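Reading the sequence shown from the start, the letters are residues 43 to 256 in the numbering used here. First up is the structure itself, then whatever we jot down about it.
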Amino acid sequence: DDAKQMPDHAPARLGAAAIADYQRQWLAGSDTLHFERRIHDVAGLGAHAVETGTFNHRFARAAGAPYDYAGKYLVVWDTAGAAPKVLAEIWGADAAFDAGALPAIAAPPPLDLARIDNDPQVVGELGERNALIRRLVMERKGGEHADLFLADAVYMPYYTPMQVGMDAIRGYFVEHERPGPVEIAALDLRSARIHPLDGGRLQLEEGFYRVDRR
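Structural data, given as structure tokens:
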């Protein structure tokens, strides 16, 4: 009932009712011809599990030609009950595309971030980490940014296939944040809910970002 869903090219949805509304609009605006998910990895974390993988969704809108929508996804499962349930889900395309190809979906009411009750100590620690990320991105220090990842991490950039492992992640950040004609004028990283996983050893941060660039 308190799940978070972050669809590609759509505002985040909080709660089962809002998520069901998104799914209803998608199904009403398109016919699915093929849908497949391929699991890359599932990490067990006590009462939770984190699943990463790729998807291919072939669908057609009314009177339109079939469209192939491919990308990567991440699902955090709550496995404490009799059947796993989704705690958080996010997905995005592997390459740039015209968002007009997707079904038209009305936006939900904006999320109220002020009412979220997070652990103040964790908020402070992640705030410091996000401030470091902001500085590294604005200063275009991709190699140092990559150092913040575990060696076996999975990174899912916008409009880019899943990057697996330090070699791929470092290569991506060095190229993406290479000093040159792009200047980052402002970067805002904002936490929403933060969930402790595996007894607090890990933290799942739901968040939002805004970047202004020249």
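Glycine is no exception: its CB is placed at the ideal position from the N, C-alpha and C atoms. Note that the coordinates shown come from a computational prediction; the quantities given were computed from them, not determined experimentally.
Which two residues bound the contiguous alpha helix (DSSP H) that contains residue i?
{"i": "Glu-29", "result": "Since the displayed the chain opens at 43 and closes at 256, residue 29 lies outside it and no answer follows."}
{"i": "Arg-66", "result": "58-70"}
{"i": "Ile-311", "result": "Outside the shown range of the chain, which is 43 to 256, sits residue 311, and nothing can be said about it."}
{"i": "His-187", "result": "184-188"}
Who are residue i's beta bridge partners in DSSP?
{"i": "Ala-135", "result": "Gly-113"}
{"i": "Asn-98", "result": "Glu-78, Ala-112"}
{"i": "Arg-55", "result": "Gln-47"}
{"i": "Leu-246", "result": "His-237"}
{"i": "Ala-85", "result": "Val-92"}
{"i": "Asp-120", "result": "His-90, Lys-127"}
{"i": "Asp-73", "result": "Ala-102"}
Could you check the C-alpha separation between residue i and residue j for me, to the nearest Å?
{"i": "Gly-106", "j": "Leu-178", "result": "44 Å"}
{"i": "Ala-70", "j": "Ala-62", "result": "12 Å"}
{"i": "Gly-166", "j": "Ala-234", "result": "13 Å"}
{"i": "Ile-132", "j": "Pro-223", "result": "31 Å"}
{"i": "Arg-255", "j": "Ala-124", "result": "47 Å"}
{"i": "Gln-47", "j": "Arg-55", "result": "5 Å"}
{"i": "Trp-68", "j": "Ala-104", "result": "12 Å"}
{"i": "Arg-171", "j": "Pro-53", "result": "25 Å"}
{"i": "Ala-13", "j": "Asp-209", "result": "Because the chain is modelled from 43 through 256, residue 13 falls outside the range shown and cannot be assessed."}
{"i": "Asp-73", "j": "Gln-163", "result": "46 Å"}
{"i": "His-76", "j": "Pro-145", "result": "16 Å"}
{"i": "Ala-193", "j": "Leu-116", "result": "18 Å"}
{"i": "Ala-188", "j": "Ala-60", "result": "35 Å"}
{"i": "Leu-168", "j": "Arg-232", "result": "10 Å"}
{"i": "Ala-138", "j": "Arg-80", "result": "21 Å"}
{"i": "Phe-101", "j": "Arg-252", "result": "30 Å"}
{"i": "Asp-43", "j": "Ala-58", "result": "5 Å"}
{"i": "Pro-126", "j": "Ala-143", "result": "32 Å"}
{"i": "Arg-176", "j": "Val-118", "result": "25 Å"}
{"i": "Arg-157", "j": "Ile-211", "result": "34 Å"}
{"i": "Phe-97", "j": "Pro-49", "result": "13 Å"}
Locate the beta strand (DSSP E) running through residue i, then write down its first and last residues.
{"i": "Ala-156", "result": "Careful: Ala-156 lies outside any beta strand (DSSP E) and carries neither H nor E."}
{"i": "Leu-256", "result": "Checking the displayed sequence, the identity of residue 256 turns out to be Arg instead of Leu. Run containing Arg-256: none; DSSP gives neither H nor E here."}
{"i": "Asp-278", "result": "Residue 278 falls outside the range modelled here, since the chain spans only 43 to 256, and no answer is possible."}
{"i": "Pro-126", "result": "Run containing Pro-126: none; DSSP gives neither H nor E here."}
{"i": "Arg-232", "result": "226-239"}
When the Cα of residue i is compared with those of the options, which residue comes out closest?
{"i": "Tyr-111", "options": "Arg-103, Ala-135, Pro-126", "result": "Ala-135"}
{"i": "Glu-78", "options": "Ala-138, Leu-246, Gly-113, Val-165", "result": "Gly-113"}
{"i": "Leu-246", "options": "Met-208, Asp-50, Asn-98, Asp-120", "result": "Asp-120"}
{"i": "Val-206", "options": "Thr-74, Asp-83, Ala-58, Asp-50", "result": "Asp-83"}
{"i": "Gly-95", "options": "Ala-58, Pro-203, Pro-108", "result": "Pro-203"}
{"i": "Tyr-109", "options": "His-99, Leu-116, Ala-228", "result": "His-99"}
{"i": "Ile-147", "options": "Asn-160, Arg-66, Leu-231", "result": "Arg-66"}
{"i": "Asp-159", "options": "Leu-168, His-237, Phe-191", "result": "His-237"}
{"i": "Ala-228", "options": "Asp-44, Arg-212, Ala-173, Phe-191", "result": "Ala-173"}
{"i": "Ala-45", "options": "Ala-130, Asp-230, Glu-93, Ala-149", "result": "Ala-130"}
{"i": "His-51", "options": "Glu-93, Asp-140, Leu-190", "result": "Asp-140"}
Does residue i come within less than 8 Å of chain C when only Cβ atoms are used?
{"i": "Leu-229", "result": "Among the chains in the structure shown there is no chain C, since it carries only a single protein chain."}
>> Pairs of beta-carbons, one from the segment 73-89 and one from the segment 232-247, closer than 8 Å: are there three or more?
In response: yes
> Three or more C-beta pairs closer than 8 Å, one from the segment 198-206 and one from the segment 153-168: is that the case here?
Replying inline: no
> With contact counted as at least three CB pairs below 8 Å, one residue from each stretch, are the segment 182-192 and the segment 208-222 in contact?
Replying inline: yes
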